[in-house]
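Trainee:
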Amino acid sequence: MIIFKRLNFGYGKKDQEMSGEEEYNSLEKEEAVSKYKSEELTNTLSTNSLTKEKFNVTPWEVEGDVDYTKLIERFGTFSINESIINMIKHITGEIHPFIKNRFFFSHRDLDWVLGEYEKGNKFYLYTGRGPSGKVHLGHLLPWVFTKYLQDKFDVKLIFQITDDEKFLFNEDSNFNLIQKFTFENILDIIAMGFDPKKTRIIVNTRDIKYLYPLSTEIAKRITFSTAKAVFGFTNSTNIGMIGFPPIQGAPCFLPSLIEKRPTPVLIPAAIDQDPYWRMTRDLAEKLGYPKPAQIHSKFIPGLASGGKMSSSKPDTALFTVDDSEIIEKKVKNTYTGGQPTVALQRKLGGNANNCPVYWYLNYLFDNEKESQERYYACTSGNLLCGECKSDMIKKVKPFMADIQFKRKKAQDMISKFTIDGKELDDKINIKFE
Ligand code: SF4
6 MIIFKRLNFG YGKKDQEMSG EEEYNSLEKE EAVSKYKSEE LTNTLSTNSL
56 TKEKFNVTPW EVEGDVDYTK LIERFGTFSI NESIINMIKH ITGEIHPFIK
106 NRFFFSHRDL DWVLGEYEKG NKFYLYTGRG PSGKVHLGHL LPWVFTKYLQ
156 DKFDVKLIFQ ITDDEKFLFN EDSNFNLIQK FTFENILDII AMGFDPKKTR
206 IIVNTRDIKY LYPLSTEIAK RITFSTAKAV FGFTNSTNIG MIGFPPIQGA
256 PCFLPSLIEK RPTPVLIPAA IDQDPYWRMT RDLAEKLGYP KPAQIHSKFI
306 PGLASGGKMS SSKPDTALFT VDDSEIIEKK VKNTYTGGQP TVALQRKLGG
356 NANNCPVYWY LNYLFDNEKE SQERYYACTS GNLLCGECKS DMIKKVKPFM
406 ADIQFKRKKA QDMISKFTID GKELDDKINI KFE
């Protein structure tokens with residue numbers, strides 16, 4: 006499962022390290038401030054580029070500057086509107102900041118899942134991880150949200166590790182290395198604090214017997230022509246890749262087999278994964294299962310100028326295993342939406358909308374009031390990038406130290422989360438307690 010993808014930044018500048026104020030004198034501060042203030046805070050990082058019409062999103066690739074409103078139209082999903090927000094508030098008594106600030110912005114059948122929940126028909130959560138490398142800060146955001154959903158709704162979670170996909174989809178991949186990352190990534194997942202009594206981690210290559218009957222049912226109903234249209238497969242695609250989508254679809258229906266009744270499933274994931282679930286939804290009713298519902302997040306930016314936070318670009322990512330010195334160094338080197346000089350920053354203000362430091366502070370560390378204050382201080386020239394970086398270092402270091410502590414403890418907890426040894430003689434009798 007590829008959950009985290011790239012987001013392009015219009016212009017990241019290494020903050021306040023150049024001189025040249027005179028070159029920029031033509032732009033008045035008031036114009037700049039009013040331009041930024043008029044933009045929606047909730048649409049940060051991506052919707053204000055001249056190239057916003059030109060983007061491409063597939064489960065494997067995100068190109069260009071994504072316009073999320075247009076993406077909703079293209080994919081045929083639905084924005085999370087006030088009525089759904091009110092439903093969530095009615096059930097949980099609050100709205101998570103990731104919904105409030107539209108990090109999770111789109112859905113399919115979320116209202117139906119919430120309605121079933123209110124009738125007493127609890128849903129399962131299903132999400133996943135493709136173990137292609139070390140886990141970084143960007144990976145953690147949807148997991149933080151998934152844990153929140155598990156706690157708030159008191160529901161079970163299937164966490165699928167798509168080690169097969171990561172092997173098949175990369176020509177240079179090494180199976181042993183992927184197994185190593187599988188182990189390491191499971192420590193990160195456990196470190197998030199999921200409830201061991203309500204969470205099962207399924208590793209595709211090890212636990213295929215739980216998925217294979219369902220994936221076979223799904224595979225039988227998808228033609229190669231449909232698969233090509235949905236996923237862009239060609240004659241040079243290896244046949245492992247062509248066979249993979251039904252395996253990612255299988256956990257959508259597994260809860261109904263475990264519970265022995267039609268069981269709703271809610272998938273928190275980045276929106277690029279939607280084609281998998283769209284395909285699975287098309288088949289669900291034919292197979293006698295509820296259509297899996299989804300709640301989609303935006304993509305996660307990297308620390309460099311443009312592009313995603315990526316394990317393959319270590320300098321753009323804060324890994325959960327980085328020590329505090331490395332974290333500090335990486336944050337200090339992060340690109341920002343700041344102006345090239347302090348004087349210009351004071352005069353023109355920064356561009357918080359295209360600033361990864363702002364993005365991470367906004368989504369992970371600042372509360373709503375702090376985030377708004379930071380936005381206006383930045384765009385009005387009353388804040389320097391060094392101050393934001395210093396705030397981020399202060400907040401991200403203890404956050405990562407806590408994860409590292411929990412990762413160590415997780416080594417003794419793996420068997421509580423995996424399904425091996427928990428099944429009885431019934432082939433789908435996966436025990437949660
Ligand atoms: S939010 Fe902070 S780091 Fe980003 S551009 Fe503004 S001042 Fe610089």
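Per the working numbering, the sequence shown starts with residue 6, numbered consecutively. Note that CB positions come from ideal geometry on N, CA and C, so glycine has one too. The structure presented is a predicted model; accordingly, all values stated were derived computationally and were not measured.
#1: Is A298 near the ligand SF4, with its Cβ less than 7 Å from a heavy atom?
#2: Quick check: the Cα distance between E330 and P297, rounded to an integer number of angstroms?
#3: Hey, how far is the Cα of K335 from the Cα of G307?
#4: Identify the residues that DSSP records as bridge partners of A274: which are they?
#5: Among residues of its own chain, excluding the 5 on either side of K4, which ones have a beta-carbon nearer than 7 Å to its beta-carbon?
#6: Out of P250, G245, F258, which one is the CA nearest neighbour of A232?
#7: Fully enclosed by the stretch 345-396, which alpha helix (DSSP H) runs are 4 residues long or longer?
#8: Taking the C-alpha atoms as reference points, what is the distance between K152 and S302?
#9: To the nearest angstrom, how far is the alpha carbon of L389 from that of T341?
#10: Evaluate contact between the stretch 212-222 and the stretch 240-260, counting only Cβ atoms and requiring at least three cross-stretch pairs below 8 Å.
#11: I need the DSSP call for Q165, collapsed to helix, strand or coil.
#12: Using the DSSP secondary-structure output, state which residues sit across from I206 in a beta bridge.
#13: Hey, quick one: how far does the beta strand (DSSP E) through V62 stretch, first residue to last?
#14: Three or more C-beta pairs closer than 8 Å, one from the stretch 354-370 and one from the stretch 384-401: is that the case here?
#15: Looking only at DSSP bridge pairs, what is H112 linked to?
#16: What does the alpha-carbon distance come out to for the pair L76 and E66?
#17: Under DSSP, the alpha helix (DSSP H) around T187 begins and ends at which residues?
#18: For G120, does the three-state DSSP call read helix, strand or coil?
#19: Please determine, among K139, G120, L154, the residue with the shortest C-alpha to C-alpha distance to S88.
#20: How should E264 be labelled, buried or exposed, when 16 other C-beta atoms within 10 angstroms of its C-beta is the threshold for buried?
#21: F80: which of T423, K124, Y281 sits nearest, CA to CA?
#22: According to DSSP, is V326 part of a helix, a strand, or is it coil?
#23: Whole-angstrom Cβ separation of A1 and T132, contact assumed at under 8 Å?
#24: Contact check, V160 vs K203 under 8 Å by CB: the rounded distance?
#25: Hey, how far is the Cα of N358 from the Cα of H144?
#26: Determine the DSSP secondary structure at H95, reduced to helix, strand or coil.
#27: Which residues, in chain order, sit with a beta-carbon under 5 Å away from any heavy atom of the ligand SF4?
#28: Going straight from the alpha carbon of L173 to that of Y381, what length do you get?
#29: Output yes or no for whether 8 Å exceeds the beta carbon distance between L115 and I300.
#30: So what does L288 bridge to, in DSSP terms?
#31: Let me confirm a value: Q155 is counted as buried when at least 16 other C-beta atoms fall within 10 Å, else exposed. Which label applies?
#32: To the nearest angstrom, how far is it from the Cα of D277 to the Cα of K139?
#33: Is it a yes or a no for the stretch 183-202 touching the stretch 401-416, going by three-plus beta-carbon pairs under 8 Å?
#34: For R211, does the three-state DSSP call read helix, strand or coil?
Mentor: Reading off the structure:
#1: The residue labelled residue 298 in the question sits at position 293 within the sequence shown. Incorrect: A298 has no Cβ contact closer than 7 Å to the ligand SF4.
#2: Locating residue 330 in the sequence shown gives position 325, counting from the first residue. Locating residue 297 in the sequence shown gives position 292, counting from the first residue. When rounded, the distance between both Cα atoms is 43 Å.
#3: Mapped onto the sequence shown, residue 335 falls at position 330. Mapped onto the sequence shown, residue 307 falls at position 302. If you draw a straight line from the Cα of K335 to the Cα of G307, it is about 11 Å long.
#4: One-based indexing of the sequence shown puts residue 274 at position 269. Its beta-bridge partners are H301.
#5: With the chain represented from 6 up to 438, any question about residue 4 goes unanswered, as that position is not in the structure.
#6: Numbered from its first residue, the sequence shown carries residue 232 at position 227. Taking only the C-alpha atoms, the option nearest A232 is P250.
#7: Whole alpha helix (DSSP H) segments, 4+ residues: 347-353, 361-365, 373-384.
#8: Here residue 152 is taken as the residue at index 147 of the sequence shown, counted from 1. Here residue 302 is taken as the residue at index 297 of the sequence shown, counted from 1. The alpha-carbon atoms of K152 and S302 are separated by roughly 15 Å.
#9: For the purposes of this step, residue 389 is identified with residue 384 of the sequence shown, where counting begins at 1. For the purposes of this step, residue 341 is identified with residue 336 of the sequence shown, where counting begins at 1. Cα to Cα, L389 sits roughly 10 Å from T341.
#10: Touching, per the Cβ criterion.
#11: In the sequence shown, the residue the question calls residue 165 occupies position 160. DSSP places Q165 in the strand class (E or B) of the three-state scheme.
#12: Working through the sequence shown from its first residue, we reach residue 206 at position 201. F164, T423.
#13: Position 57 of the sequence shown holds residue 62. Counting along the chain, the beta strand (DSSP E) containing V62 begins and ends at 60-62.
#14: Short answer: they touch.
#15: Taking the sequence shown and counting its residues from 1, the one referred to as residue 112 is at position 107. Note: H112 sits in a beta bridge opposite F83, I300.
#16: On the sequence shown, residue 76 is found 71 positions in, with the first residue counted as 1. On the sequence shown, residue 66 is found 61 positions in, with the first residue counted as 1. Their backbone Cα atoms lie some 14 Å apart in a straight line.
#17: Within the sequence shown, residue 187 is the residue found at index 182, counting from 1. 180-196 is the span of the alpha helix (DSSP H), which, as asked, contains T187.
#18: Looking up residue 120 in the sequence shown gives position 115. It is helical.
#19: The sequence position of residue 88 within the sequence shown is 83, counting from 1. The candidate whose alpha carbon is nearest that of S88 is G120.
#20: Position 259 of the sequence shown holds residue 264. So E264 ends up on the exposed side.
#21: Translated into the one-based positions of the sequence shown, residue 80 becomes position 75. Restricting attention to T423, K124, Y281, the CA atom closest to the CA of F80 is found in Y281.
#22: By one-based count along the sequence shown, residue 326 stands at place 321. In the structure shown, V326 falls within a coil segment according to DSSP collapsed to helix, strand and coil.
#23: Since the first residue shown for the chain is 6 and the last is 438, residue 1 is missing from the structure and cannot be characterised.
#24: Your numbering for residue 160 matches position 155 in the sequence shown. Your numbering for residue 203 matches position 198 in the sequence shown. Approximately 7 Å separates the beta-carbon atoms of V160 and K203; this is inside 8 Å, confirming the contact.
#25: Here residue 358 corresponds to residue number 353 of the sequence shown, with the count starting at 1. Here residue 144 corresponds to residue number 139 of the sequence shown, with the count starting at 1. C-alpha separation (whole angstroms): 21 Å.
#26: Here residue 95 refers to the residue found at position 90 when the sequence shown is read from its first residue. The answer is helix: DSSP assigns H95 an H, G or I state.
#27: Here the residues come out as T341, G342, G343, G355, A357, C360, V362, Y363, C383, L388, C390, C393.
#28: Here residue 173 corresponds to residue number 168 of the sequence shown, with the count starting at 1. Here residue 381 corresponds to residue number 376 of the sequence shown, with the count starting at 1. Distance between the alpha carbons of L173 and Y381 is about 46 Å.
#29: As a first step, residue 115 is located in the sequence shown; it is residue number 110 there, counting from the start. As a first step, residue 300 is located in the sequence shown; it is residue number 295 there, counting from the start. I300 sits close to L115, with the two beta carbons spaced by under 8 Å.
#30: As a position in the sequence shown, residue 288 is number 283, starting the count at 1. Paired residue(s): none; L288 is not in a bridge.
#31: Counting from one through the sequence shown, the residue named residue 155 turns up at place 150. Q155 counts as buried, since no fewer than 16 other beta carbons sit within 10 angstroms of its beta carbon.
#32: Residue 277 sits at position 272 when you count from the first residue of the sequence shown. Residue 139 sits at position 134 when you count from the first residue of the sequence shown. Rounded to whole angstroms, D277 to K139 spans 21 Å at the Cα level.
#33: Proximity of the stretch 183-202 to the stretch 401-416 meets the contact definition, three or more beta-carbon pairs being nearer than 8 Å.
#34: Within the sequence shown, the letter at position 206 stands for residue 211. Three-state DSSP puts R211 in coil, outside helix and strand.
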